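Input: a single structure, listed below in structure tokens.
There are 2 protein chains.
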Amino acid sequence: MSEPAIGLSPLYIQVRDELTRRLAKGRWRPGTSLPSEQGLAREMGVSQGTVRKALDGLAADHILVRKQGRGTFVAEFEESRILFQFFRLWPDSGERMFPTSKVLSRTTEKGSARERAALGLGLLSKIVRVERVRYHGRVPILREILSLPAGLFPGFNEVRQVPNNVYQFYSERWGIRITKTKEKLKAVAADTNDRRALGCAVGDPLLLIERLALDINTRPVEYRRSFCLTTHMHYASDVT
Amino acid sequence: MSEPAIGLSPLYIQVRDELTRRLAKGRWRPGTSLPSEQGLAREMGVSQGTVRKALDGLAADHILVRKQGRGTFVAEFEESRILFQFFRLWPDSGERMFPTSKVLSRTTEKGSARERAALGLGLLSKIVRVERVRYHGRVPILREILSLPAGLFPGFNEVRQVPNNVYQFYSERWGIRITKTKEKLKAVAADTNDRRALGCAVGDPLLLIERLALDINTRPVEYRRSFCLTTHMHYASDVT
DNA sequence: CAGTGGTCTAGACCACGTA
DNA sequence: ACGTGGTCTAGACCACTGT
Numbered sequence: 008m009s010e011p012a013i014g015l016s017p018l019y020i021q022v023r024d025e026l027t028r029r030l031a032k033g034r035w036r037p038g039t040s041l042p043s044e045q046g047l048a049r050e051m052g053v054s055q056g057t058v059r060k061a062l063d064g065l066a067a068d069h070i071l072v073r074k075q076g077r078g079t080f081v082a083e084f085e086e087s088r089i090l091f092q093f094f095r096l097w098p099d100s101g102e103r104m105f106p107t108s109k110v111l112s113r114t115t116e117k118g119s120a121r122e123r124a125a126l127g128l129g130l131l132s133k134i135v136r137v138e139r140v141r142y143h144g145r146v147p148i149l150r151e152i153l154s155l156p157a158g159l160f161p162g163f164n165e166v167r168q169v170p171n172n173v174y175q176f177y178s179e180r181w182g183i184r185i186t187k188t189k190e191k192l193k194a195v196a197a198d199t200n201d202r203r204a205l206g207c208a209v210g211d212p213l214l215l216i217e218r219l220a221l222d223i224n225t226r227p228v229e230y231r232r233s234f235c236l237t238t239h240m241h242y243a244s245d246v247t
Numbered sequence: 008m009s010e011p012a013i014g015l016s017p018l019y020i021q022v023r024d025e026l027t028r029r030l031a032k033g034r035w036r037p038g039t040s041l042p043s044e045q046g047l048a049r050e051m052g053v054s055q056g057t058v059r060k061a062l063d064g065l066a067a068d069h070i071l072v073r074k075q076g077r078g079t080f081v082a083e084f085e086e087s088r089i090l091f092q093f094f095r096l097w098p099d100s101g102e103r104m105f106p107t108s109k110v111l112s113r114t115t116e117k118g119s120a121r122e123r124a125a126l127g128l129g130l131l132s133k134i135v136r137v138e139r140v141r142y143h144g145r146v147p148i149l150r151e152i153l154s155l156p157a158g159l160f161p162g163f164n165e166v167r168q169v170p171n172n173v174y175q176f177y178s179e180r181w182g183i184r185i186t187k188t189k190e191k192l193k194a195v196a197a198d199t200n201d202r203r204a205l206g207c208a209v210g211d212p213l214l215l216i217e218r219l220a221l222d223i224n225t226r227p228v229e230y231r232r233s234f235c236l237t238t239h240m241h242y243a244s245d246v247t
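First to last, the protein sequences are chains A and W.
The first sequence begins at 8 in this note's numbering and counts up by one.
The second sequence begins at 8 in this note's numbering and counts up by one.
See the structure below:
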């Protein structure tokens, strides 16, 4: 790290990548603090400013959280963060809240072509599939199907109950931390499954959110299709 | 700017705000370059690093564009930028392209309650309204209604033709530059207007995108409702 | 070549949180 | 009082662009 290293990426990128590797290996647990900027700078043989730029980048991606006077921490998956960062549905009026869930079914099977394509898996791969309905207060707002590569989540279907906050669950149980999602939205007509789960009529317009969630190594680890009733909710997206 | 200024915001924020004021006043036209970092630093009596941090912030917001070896430029509204920054609809397969438009109607009237609320206008305000259909190649993909505060766009409806790229139009004709948008999405059922414009059936599910566009002073300047056929297109949203 | 933004360093001081 | 991150400065060198 103290060589001139002609032609390589900038130092602060190398530092960021090194920190990312350590985080991916679980060197520091979510909620704990990293060494100070000065400490990391000494250890890596670079200036504090270079470490700072690397840490700022990771904080911008919500992988780290900076707290003035306290230190730099590994981000956790509390409901407030999930609601802020990943959950984009808002009630048209009234209070925002973390949606509750009721699991309808859980299976482990050979994945469909769609699931394999989304998750980048081979023909033989098993998939863990969870179907659930989510509620805003007492009102059902969406039905969703989660698809996970069974190989990454050993023992998933031996777990008694799937918690409501699954990203926290992935992190605490398997050390898999979601850092990015890519979503594709379409309007579709409700089918009989939607009618049963949501109480709408067949043919009613639903917002389909197709989400691929990536871990810290940008590896796809969850594929999710949410069918949302948007009579009293909307999906918010701010562009800057 | 050389005073200690206890209790005020950080220097680089003050510099950013001063640059924003100058940009809002049209001190530099889109496409032209600002003075160099050193020049601005000398003029404002701060260090180059402080100016750099201010410029980096404006570049992150796509208000400025940095070009190594050339300078810092005021962002323009070429189609490629609009497509990249503001247009979130992608074809499910095939090539991406800037959608073409056919204007269906143009009026200037008293705004509806919905429009007034969205744009923050009073009861007496006039609204310019444009309805158009947009195409991906030859395929109609959406019908949309643009609503503008007539007071901000004098002479709008005397213009012969509304160009396809309206954000460029707003910028060149009235100096109003869109920098941010907030969108709310819902799934709705097509009505007879949609059937006529898009050739779908009444009741077909459509993606409604309700967009509020803000200028550099975060003042709302355009309200837009787009009804999109998502049989061969989807809305993309990446979260990080 | 000169001029621009991009990286890197070193050091000072401030604001905040904890003890 | 101390340690943390946040701001600000000054100066060096690199990478890129145009003449």
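Virtual Cβ for every residue (Gly too), placed ideally from N, Cα, C.
Fair warning: this is a prediction, and the values are worked out from it, not measured in the lab.
Using the three-state DSSP reduction, which class does residue i fall into: helix, strand or coil?
i                      : result
residue 104 of chain A : coil
residue 232 of chain A : strand
residue 60 of chain A  : helix
residue 198 of chain W : coil
residue 82 of chain A  : coil
residue 148 of chain W : strand
residue 243 of chain A : strand
residue 131 of chain W : coil
residue 205 of chain A : helix
residue 53 of chain W  : coil
residue 3 of chain W   : Past the boundaries of the shown model lies residue 3 of chain W; chain W is included only from 8 to 247, so the question cannot be answered.
residue 89 of chain A  : helix
residue 225 of chain W : coil
residue 40 of chain A  : strand
residue 71 of chain W  : strand
residue 15 of chain W  : coil
residue 35 of chain W  : coil
If you count every other CB in all the chains shown that lies within 10 Å of the CB of residue i, and 16 or more means buried, which is it?
i                      : result
residue 23 of chain A  : buried
residue 186 of chain A : buried
residue 244 of chain W : buried
residue 241 of chain A : buried
residue 91 of chain W  : exposed
residue 3 of chain W   : Residue 3 of chain W is absent from the structure shown; chain W starts at 8 and stops at 247.
residue 184 of chain A : buried
residue 194 of chain A : buried
residue 168 of chain A : exposed
residue 203 of chain W : exposed
residue 99 of chain W  : exposed
residue 208 of chain W : exposed
Could you tell me whether any Cβ in chain W is nearer than 8 angstroms to the Cβ of residue i?
i                      : result
residue 178 of chain A : no
residue 45 of chain A  : no
residue 98 of chain A  : no
residue 174 of chain A : no
residue 80 of chain A  : no
residue 105 of chain A : no
residue 57 of chain A  : no
residue 143 of chain A : no
residue 146 of chain A : no
residue 122 of chain A : no
residue 93 of chain A  : yes
residue 201 of chain A : no
residue 237 of chain A : yes
residue 114 of chain A : no
residue 188 of chain A : yes
Closer than 7 angstroms to a non-hydrogen atom of the ligand ADP - does that hold for the CB of residue i?
i                      : result
residue 212 of chain A : Annotation note on the ligand ADP: not contained in the displayed structure, which lists no ligands.
Candidates the options: which alpha carbon is nearest residue i's?
i                      : options                    : result
residue 154 of chain A : A:147, A:233, A:83, A:31   : A:233
residue 179 of chain A : A:147, A:163, A:219, A:118 : A:163
residue 125 of chain W : W:157, W:220, W:75         : W:220
residue 222 of chain W : W:16, W:32, W:18           : W:32
residue 189 of chain A : A:112, A:225, A:114        : A:225
residue 137 of chain W : W:108, W:131, W:127        : W:108
residue 218 of chain A : W:77, W:196, W:247, W:157  : W:247
residue 215 of chain W : W:118, W:237, W:134        : W:237
residue 229 of chain W : W:166, W:151, W:16         : W:151
residue 159 of chain W : W:208, W:133, W:205, W:140 : W:133
With 8 angstroms as the threshold, decide whether the Cβ of residue i is near any Cβ in chain A.
i                      : result
residue 210 of chain W : yes
residue 5 of chain W   : Since the first residue of chain W shown is 8 and the last is 247, residue 5 of chain W is not available in this structure.
residue 246 of chain W : yes
residue 192 of chain W : yes
residue 195 of chain W : yes
DSSP has residue i in a bridge; who is on the other side?
i                      : result
residue 140 of chain W : W:109, W:150
residue 216 of chain A : A:192, A:233
residue 97 of chain A  : A:241
residue 185 of chain A : A:222
residue 116 of chain W : W:134
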